[in-house]
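Protein sequence lines, in the order shown, are assigned to chains A and B. Counting in the working numbering, the first sequence tops out at residue 213, every number present. Counting in the working numbering, the second sequence tops out at residue 695, every number present.
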Amino acid sequence: MEKNNALFRIFIPIIAVIIIFESVMLVSGLEKSTVQVKESTNSASIEKQEVKTKDAFEVTFVTDSTEMKVGKNYTVKLQALVKEKRTLDAIDISVKYDAKNLEVTNLIFDEKLQEPIVGKAIKEDGMIVVKYIIETKQGITFNLNDMVSLLSFDVKAKQAGVYEFEIATGNEDKKFDTMFIENTTVKALPFTSNKLEINVTK
Amino acid sequence: MKQNKGISQIAVMVIMLVLAIALPITTKLVQKSQENRSKAAGGLGYAEVCKLDSDCKPPTGQTSGFCTNTTQHTTNWPSFSKGDAPPVCSYGWGNKDEQRRNEACFLVGGSCSEPYSASWGNNCKTDKGVDGVVVWNLCLANPYLGTARCCVPDTVYAQLGDANKTTVTSKPSDLLACKKGSVVWVDGQATDGIYNWKCVGYEGKVSVEGSANKTACVPNTKECLDADTARVCKSDGSGWINSECGTAGCNSTTKICNTVAPTATPTIKPTATPTIKPTATPTIKPTGTITPTPTPTLTPTPVLVCAVGDKQCSGNILQKCNSTGTGWETDVNCGELGCNSVTKTCNECVSGQQKCSTDDNYFTCVNGKWSTTTTDCIGDEVCTNNNVANDVCVEPDYIAPKLTMHVSMLGIGGKNIQTQCLGDTITLRVNVAKFNAAEGDRGITRQVTATKVNDKFSTVKIAGDGYQVYEIKDFALDTTYLPSDKIFVNVTSLNNGELKLLATLYGKNNQTGGYAAQNGSQLLISALSNPLSFYNYPILNGDIGSDNNNTLGDGVLNGSDFGHIKNQWGKSVDSGQTPLRADLNGDCVVDSLDFQIYKKSSEEQYASKEF
């Protein structure tokens, strides 16, 4: 009998532990299953959330100084920092400026790119337009952190004031748009840009 | 005591063992139940499955499903219990709308009310008269009383309005043929003597067939064929049986022959009372007085003066024969326009007069009726405002000119350029607008056909040889375009047409370069000469597509158009086929000529020369 008691003393706690273990593990597993069901019902709305596309280029104006004098020439550069490796077929650039008060001359284009099919400042519209195309079938690949010199030009102010250079995105006129066209997909790649504000004094 | 303790320890042990075994089994069962529920829930919130029973049969070929009107909706739709409508079945567990949407369409009939084949979300009324909304073809009323109903076509004979009606004399109206659902005529001509049709339910998923025999007449109907012939339709509707009524005539009310009218009774004159003279010898004395027999009373026969239904004119009055044919009565007073003795109707107009229709043509009054066809005014004469007169066409105060234009398109046609993938005629879109037009006035835009002008090419060559000249003829301006107005002409191709032209502006005759709108137009209407020569500044070409789309231009030439050229580079189609989008000159191949066209047009896009 004593032997049986000893057996009970050993087995009852073991079985109790098993029950506690099952209770904790299985029931908590049940909870997980319920949570999964809840998540699955919400999955549609999660899928609908827009995935923000990463910008492929960061377009910036660069100048030695934003403080300028009337009648004096200053060079402004337009550069694109590659934020994501991409292969391009074409680059359209339009820069909006105040043609009444600023004179833009001496447009210089990137030597690595093919001579643009259009490259001029249009006074009537207050736009600098540059259109590069890459004729090779495979396009041109830009690697991460490459810096592309899109354009440089001289600017001379006719009178004092604060003026801006800004990348045009087709709002004024569809033909004045800025686009980085990807090879094969013909997608216009996303990019960011800054404004250049210059302060002209006499 | 020790024995009791041992028994209790065994009992505890057994209970704990049972618990240890039962716990995982129970857990598994609960999990299974949850899985079932989650499957049923799908994306719409079904949480409980109902069993199929004799009331709710699955559609053919389906072995499982659930009854809509006993299913509990846990999220989007509150529950509704079994109502008075027939149960409807659905099948499958998937989230496919198709399966759910059709669940109400597997039973034919039901107590539907409008709208019968309603779309999701439409308002409806349940058969308890409660306003509801259609959900999966069921009319569910707030607060979801469960009065679901089946909105599918009804049985056909009931739709004809008479359960016993299986014959018709003419094609039933759609509404009559299908009281519920849409009619699809299988044989609407009754070519084999039977009209056949289907009544189709929501989205064509369920239909019932209907048919009706076409008969010559409605069985057993009676009518007067003419004044002295009555007829009755055979009992099977296959034809008429005529009865000659003779002089008795057909009764227009009863539609049968009148009973035989008394023939004219002969006039019987009383015979003269015989005078009997006594012979001299012997003297015979009359024994009494001889009374003549009485004259019979005769009813006069009615005199028929006209046939029932006949009409005649009496002055300005249109008369009709009365129902007994014994006289005329007033039908209509025709008034000033008078009664027409030829047509025996009231005149609508005075014969010979004209009435303006639209588009400068007119109706003519013949025999008091307006003609159904119209006659065009001569030359530039116009008639407007439904004028009625003897001669309605008049010379207009001002005739706006019609423009004829000669144009060319950059890279298209020419001495050495083939256009096998373009026809001889091409379609363009032309917009003519006034310089300094009021805000919102977009001018006149029309789709026009341009035809080749033989052996005429542009002399100004933007790339390669001169290009084929096309003529746009008779582009009519309206009278709001006054002689003192100046106009711009903008020419381009259709969005999805064979050409990929860029809208090109013309503001000057013999223009040779891009025109800047701010220069103002030099096309003065009073000084226009036809044809206007725009062909020495070809319409720009190359608007192939847009960002990530090569089927529709975006109105500008940009890098995406070049990307599309590269993607289609070297591709070709057979002669006569629709050109590839990047085939800008229509020679059926995408090659360097197309690239040159794109390149030159891109440059010209920014050209705005001053004239």
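We put the CB at the ideal spot given by N, CA and C, even for glycine. Source: prediction; values computed, not measured.
CB contact check: residue i to chain A, cutoff 9 Å
i: B/Trp653; result: yes
i: B/Met493; result: no
i: B/Ser605; result: no
i: B/Gly639; result: yes
i: B/Phe646; result: yes
i: B/Ala517; result: no
i: B/Glu582; result: no
i: B/Tyr599; result: no
i: B/Gly591; result: no
i: B/Asp675; result: no
Residue i burial status per 10 Å Cβ neighbour count (16 or more: buried)
i: B/Ser322; result: exposed
i: A/Arg20; result: exposed
i: B/Gln552; result: buried
i: B/Gly643; result: buried
i: B/Trp281; result: buried
i: A/Asn156; result: exposed
i: B/Ser685; result: buried
i: A/Asp136; result: buried
i: A/Phe32; result: exposed
i: B/Leu583; result: buried
i: B/Thr337; result: exposed
i: A/Asp103; result: buried
i: B/Asp658; result: exposed
i: A/Phe68; result: buried
i: B/Gln403; result: buried
i: A/Ala179; result: buried
i: B/Lys499; result: exposed
Reduced DSSP secondary structure (H/G/I, E/B, other) of residue i
i: B/Tyr758; result: Because chain B in this structure spans residues 85 to 695, residue 758 of chain B falls outside the shown range and cannot be described.
i: A/Val28; result: helix
i: B/Lys684; result: helix
i: B/Lys650; result: helix
i: A/Ala179; result: coil
i: B/Phe618; result: coil
i: B/Asn406; result: coil
i: B/Ala666; result: coil
i: B/Ala106; result: helix
i: B/Ala332; result: helix
i: A/Gln90; result: strand
i: B/Val96; result: helix
i: B/Asp627; result: coil
i: B/Glu293; result: strand
i: B/Leu260; result: helix
i: B/Leu101; result: helix
i: A/Ala217; result: The displayed coordinates of chain A run from 12 to 213. Any statement about residue 217 of chain A would go beyond what the structure contains.
i: B/Gly399; result: coil
i: B/Ser174; result: Annotation note: pLDDT 40 at B/Ser174 (below 50); position unreliable, no value reported.
i: A/Gln60; result: Per-residue confidence for A/Gln60 stands at a pLDDT of 40, beneath the threshold of 50, marking its modelled position as unreliable; the derived number appears in the next sentence. Residue state, collapsed to three classes: coil.
i: A/Phe22; result: helix
Proximity test, Cβ basis, 9 Å: residue i and chain D
i: A/Asp103; result: In the structure shown, chain D does not exist; the protein chains are A and B.
Expected contact under 8 Å - CB spacing of residue i and residue j to nearest Å
i: B/Leu512; j: B/Thr588; result: No, B/Leu512 and B/Thr588 are not in contact; Cβ-Cβ is about 10 Å, not under 8 Å.
i: B/Ala81; j: B/Thr563; result: Past the boundaries of the shown model lies residue 81 of chain B; chain B is included only from 85 to 695, so the question cannot be answered.
i: B/Ala296; j: B/Val252; result: 5 Å
i: B/Ser605; j: B/Phe572; result: 5 Å
Chain B contact for residue i (CB, 9 Å cutoff)
i: A/Ala27; result: yes
i: A/Asn194; result: yes
i: A/Val140; result: yes
i: A/Tyr143; result: yes
i: A/Phe153; result: no
i: A/Gly137; result: no
i: A/Val106; result: no
i: A/Lys185; result: yes
i: A/Glu33; result: yes
Query raised in the report: Does the stretch 616-624 of chain B come close enough to the stretch 660-668 of chain B to have 3 or more Cβ pairs within less than 8 Å?
Result: Here the stretch 616-624 of chain B makes no contact with the stretch 660-668 of chain B; the two share fewer than three CB pairs at distances below 8 Å.
Query raised in the report: Are the stretch 95-107 of chain A and the stretch 143-151 of chain A touching, with three or more C-beta to C-beta distances below 8 Å?
Result: Enough Cβ pairs lie closer than 8 Å, so yes.
Query raised in the report: Touching or not, the stretch 109-122 of chain A and the stretch 198-207 of chain A, by the rule of three or more beta carbon pairs under 8 Å?
Result: At 8 Å Cβ cutoff, the stretches do not touch.
Report task. Mind the definition here: the stretch 553-560 of chain B touches the stretch 489-502 of chain B only if three or more C-beta pairs lie below 8 Å; say whether that holds. Result -> Per the Cβ contact rule, the stretch 553-560 of chain B is in contact with the stretch 489-502 of chain B (3 or more Cβ pairs under 8 Å).
Report task. Take every Cβ of the stretch 475-483 of chain B, pair it with every Cβ of the stretch 496-511 of chain B, and state whether three or more of those distances are shorter than 8 Å. Result -> With a cut-off of 8 Å on Cβ pairs, the stretch 475-483 of chain B is not in contact with the stretch 496-511 of chain B, counting fewer than three such pairs.
Query raised in the report: Counting pairs of Cβ atoms below 8 Å between the stretch 674-693 of chain B and the stretch 589-600 of chain B, do you hit three or more?
Result: Flag = yes, the stretch 674-693 of chain B and the stretch 589-600 of chain B touch.
**Report entry** the stretch 448-459 of chain B contacting the stretch 521-541 of chain B, beta-carbon criterion three pairs below 8 Å
**Finding:** Too few Cβ pairs lie closer than 8 Å, so no.
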